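Position 47 of the sequence shown, counting from 1, maps to 1107 under our numbering, and the rest follow consecutively.
Heads up: the structure comes next, in structure tokens.
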Amino acid sequence: MFGPQVPTVPASAVPDDTYLLDVREDDEWRAGHAPGAHHLPMTELPGRLAEVPNDREVSVICRSGGRSAQVVGYLLRNGWDQVRNVGGGMGDWAAAGRPVVTDDGQPGRVA
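Below, the structure written as structure tokens:
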């Protein structure tokens, strides 16, 4: 659907030091997210583009990988070159045994 131009990384291989950009909606974020992730809903991205670093690796994540792939394409078209889609999204993140937490640090769930 998105073609080979969208660089992708498996959830299990996202480096701990990457800037993890979570583009899910507020309710999905509140249910659970990766520790240290940065929340920026996809619909707000155009107006908040300056918040996304373009001088380091950025991995973009959503629930299953579709919205994040669209965001990666958008960022690539707007000058970002160190950006990758997290294949399988938060579903694969949790399945790989990576932590999912709520804002208060309690165990979260993928919604």
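All residues carry an ideal CB built from backbone N, CA and C; glycine is no exception.
In this text, all values refer to a predicted model and were calculated from it rather than measured experimentally.
CA nearest to the CA of residue 1083, picked from 1166, 1162, 1132: Checking every option, the nearest Cα to that of residue 1083 belongs to 1132.
Looking only at its own chain, which residues have a Cβ that is under 7 Å from the Cβ of residue 1139, when we skip the five neighbours before and after it? Annotation for residue 1139: 1114 place their beta carbon closer than 7 Å to its own, counting only its chain and skipping 5 residues before and after.
Is it true that the stretch 1149 to 1164 meets the stretch 1092 to 1112, where meeting means three or more beta-carbon pairs spaced less than 8 Å apart? Between the stretch 1149 to 1164 and the stretch 1092 to 1112 there are three or more C-beta pairs closer than 8 Å, enough to call the two in contact.
Could you tell me which of 1167, 1072, 1127, 1135 sits nearest to residue 1102, measuring between CA atoms? Here the closest residue by C-alpha is 1127.
Alpha helix (DSSP H) containing residue 1087: first to last residue? Start and end: 1086 to 1091.
If you reduce the DSSP assignment to three classes, tell me which class residue 1152 lands in. Helix at residue 1152.
Rounded separation between residue 1171 and residue 1136 - CA only: Residue 1171 and residue 1136: Cα-Cα distance of roughly 27 Å.
C-beta contact flag for residue 1156 and residue 1070 at 9 Å: Taking 9 Å as the Cβ cut-off, residue 1156 and residue 1070 qualify as a contacting pair.
Using 8 Å for Cβ pairs, my map puts residue 1096 next to residue 1121. What's the rounded Cβ distance? Not quite, the Cβ-Cβ distance comes to about 12 Å (not below 8 Å), so this is no contact.
Report the residue from 1116, 1065, 1110 whose alpha carbon sits nearest the alpha carbon of residue 1201. Limits of the chain in this structure are 1061 at one end and 1171 at the other, which puts residue 1201 out of reach.
Report the three-state DSSP secondary structure of residue 1137 (helix, strand or coil). Assigned with DSSP and collapsed to three states, residue 1137 falls in helix.
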